[in-house]
Amino acid sequence: MLNEQEIAEFEALKKRYEKPQSILLPVLWKLQEKNGWIDDAAMEEAARFAECTKAHVLGVVSFYTMFHEKPMGRFHVQVCTNVSCMLRGGEEIFQSVKQTLGCGNHERTADGIFSLEEVECMGACGGAPMIAIGDDFYEGVTKEEVLQNLANIKSGNQPVKSKELKQLPDIDSEVTSPKIVLPNIPNYNNIDIYVANGGYNEAIRKAFSMTPEAVTNEVKQSGLRGRGGAAFPTGLKWTFMPKGTDKKKFLLINGDESEPGSFKDRQIFEFNPHQMIEGILIAAYAMQVNHAYVYIRGEYAHWVKLVQKAVDDAYARGFIGEKMKETFKPTGEGVPYSVDITVHKGAGAYIVGEESALMNSLEGQRGYPRVKPPFPANFGLWGYPTTINNVETIANVPAIIKIGWEAYSKIGEPKHPGTLLLGVSGHVNRPGIYEVPSGTLLTDMIYKYAQGVPNNKKIKMVIPGGSSMPPLRGDSLDGVKMDAESLKVAGSSIGTGGIMVMDEDTDIPKVLERISKFYHHESCGQCTPCREGTGWLEKILKRVNAGEASKADIALLEDVAKNIEGRTICALGEAAAWPVKFTVQRFPEEFAKKVKDTREHLTPNKVHSLRVGGLEPVEIHIPLVERK
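In our numbering, the protein residues as written are 46 to 673.
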């Protein structure tokens, strides 16, 4: 259980939230770290500390995938088999590990050394295939390297770290596109280097010399659009925050990037956390918010520590907190101002990336999306007005203030200005994150930046914005630009900017089955169409790939997708439906190769085994009816 020092630390942390229950996830993490899993005693301890019922704690523990309800091995091995890793051998690695350890998914070895879990996207798509051992990521691994690491651990030696994912420089020295979010400055995550390059000075002092309304207007005129998926105008979103009120207001930064194919926010956490922090300070000033929370997905344990260190360093310099009033004494039309920042670690749930589910999670609840209205700007965290912004979005703010809205609006496409962090994964020679002006050609992203497809194979399919976005055929990529409006015309969406490339040998129905498995797994179960429909989609696609489906099943796929789309509280319904609907429509030949073209005729006095929808076979008897 918690010792005196830990109790004191959590009591201090509890004061950073409006209600004690918000401390639940941090307390559960500590208890699991000490015990290896969340047992009955740990739940009772967490309930006392978070001032909630044990039943509530059990509901939370059972919701988040990273909390263990049974003993696990001393070394918990997680193997990603989602699309980016699947395309580069992730499934084969999982089967090899499973066979070598002699234990199944969510099981541990007899000696208690290892436990194994097949996991969904870990945000390491550019380093696929990947595994995690505990909190450590191992990227770009081979099956042989993984098995050797397991042998090293079993013999008492330390596992060998794979090469770390590094920031990628420009490939072409002639390219002079601006680097707004990830400048090529060594050690830019160090606060001294950041300050030496104008950080916590030029942009923030300029912003604090303006009125809050003027800062909001600057961002609004810049044309900055959200980088989290919806591409909503950021400045306009800020104007929704109530003004002229003494009511508490909050800013919530969404760092729960769990969309397969997306791994951009992780780069900011590692290489430029201080620009994100400075953006938070400016945004909070513009909306007159006094406390901001940075919610980071639980799988990013290493990056949570990096951001926490950056926040701690900024506090020590007087850049965050009450000391800000002295550090940044207002000039001109500015007003004295301070803001606190709290880093909050999630516990594994894709649905938490939805803004209202994110708020519920931070409040120490299950990550269920809320019915809207009311919207967060009116009723957000703990019932107070709240604005939610994505990590990349907020990291753009200092640059906008520094260079001015007019200069920023001229970068890239006018209707979606600025640079974008685009992640390229799958069948490419150089996967990774690239910062380019919006409107960059999709083919340039693949062939110029990611250096083409291995063995010069043709491209069969590309998903341009993360796994939930409609796919594009490889023969229809010419002229397609990477910005919200251009991709809309092309029949897809910018989403999170996660470009997933599949070559000519890719089994498209198999990829779609893996995508559907993800959305079935991640559905919170709150809405019936999503809870039941995602299961049907996965089940039908399994039948397709097993060669047991008919043409009627393909039509059924579209019908089920149609009955999920637009019928759920949040957008996970669309996220599950769009890949199915558009992949079936755009790659009919891929599905035609896998289905039976015959129908079973029903004969009187014979028992037939029929499939009804996506369900298991049902035996029916057709009676013989005699004519009178």
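Note that beta-carbon positions come from the ideal geometry of N, C-alpha and C, so glycine has one too.
- Per DSSP, H472 lies in no alpha helix (DSSP H) segment and is marked neither H nor E.
- In the three-state scheme derived from DSSP, where H, G and I count as helix and E and B as strand, M527 is classed as coil.
- If the five residues before and after E137 are omitted, its C-beta is found closer than 7 Å to the C-beta atoms of K188, all from its own chain and listed in chain order.
- Here E304 really is in contact with G511; their C-beta atoms are around 4 Å apart, less than 8 Å.
- Inter-residue distance for I83 and Y109 is about 12 Å (C-alpha atoms, whole angstroms).
- Scanning P228, V142, E90, N246 for the CA closest to the CA of P375 turns up N246.
- Cβ-Cβ distances below 7 Å link G366 to Y360, S383, D385 in the same chain, with the five nearest sequence neighbours on each side left out; the list follows chain order.
- Here the C-alpha atom of S307 lies approximately 6 Å from the C-alpha atom of G168.
- A direct Cα-to-Cα measurement between T279 and V264 gives close to 7 Å.
- Remark: C-beta atoms of F627 and P515 approach each other more closely than 9 Å.
- For the options V72, S538, N500, the alpha carbon positioned closest to that of G484 is the one of S538.
- For V507, the uninterrupted beta strand (DSSP E) run begins and ends at 504-508, by DSSP.
- A Cβ-Cβ distance of about 22 Å is found for the pair L227 and L532, leaving them out of contact under the 8 Å criterion.
- In the three-state reduction of the DSSP assignment, L465 falls in the strand class.
- For a cut-off of 8 Å, the C-beta gap from A252 to I327 is around 5 Å, short enough to register as a contact.
- With the rule of 3 Cβ pairs closer than 8 Å, the segment 542-562 counts as touching the segment 499-513.
- The three-state reading of DSSP puts C569 in coil, since its state is none of H, G, I, E or B.
- For Q312, the closest C-alpha among the options P287, F424, Q266, N229 is that of N229.
- For G425, the closest of I478, A337, V481, N474 by C-alpha to C-alpha distance is A337.
- Per the Cβ contact rule, the segment 519-529 is in contact with the segment 457-474 (3 or more Cβ pairs under 8 Å).
- CA-to-CA, the gap between G343 and K641 works out to about 44 Å.
- With a contact defined as Cβ atoms closer than 8 Å, I609 and P574 qualify at about 5 Å.
- Taken in chain order, the complete alpha helix (DSSP H) segments of 4 or more residues contained in the segment 152-206 are 188-199.
- Take the alpha-carbon of V534 and the one of G271: they are about 19 Å apart.
- Following the DSSP letters along the chain, one finds C125 inside the beta strand (DSSP E) bounded by residues 120-125.
- Under the three-state reduction of DSSP, P65 is assigned to helix.
- Only residues of its own chain outside the window of five on either side were considered, and among them F373 have a CB closer than 7 Å to the CB of R250, listed in chain order.
- Excluding sequence positions up to five before and after G497, its CB lies within less than 8 Å of the CB of V473, N474, I491, all in the same chain and listed in chain order.
- In this structure A155 is exposed. Its beta-carbon is surrounded by fewer than 16 other beta-carbon atoms within 10 angstroms.
- The beta carbons of K562 and E583 sit closer together than 9 Å.
- In this structure, P430 is the residue among G149, L407, E603, P430 with its C-alpha nearest to the C-alpha of P418.
- In the DSSP assignment, F295 falls within the beta strand (DSSP E) that extends over 295-300.
- Fully contained in the segment 319-397 are the following beta strand (DSSP E) runs of length 3 or more, in chain order: 336-341, 385-390.
- Under DSSP, no beta-bridge partner is assigned to L601.
- Around the beta carbon of L296, 16 or more other beta carbons lie within 10 angstroms, which makes this residue buried.
- Cβ neighbours of A591 within its own chain (closer than 8 Å, five residues either side excluded): none.
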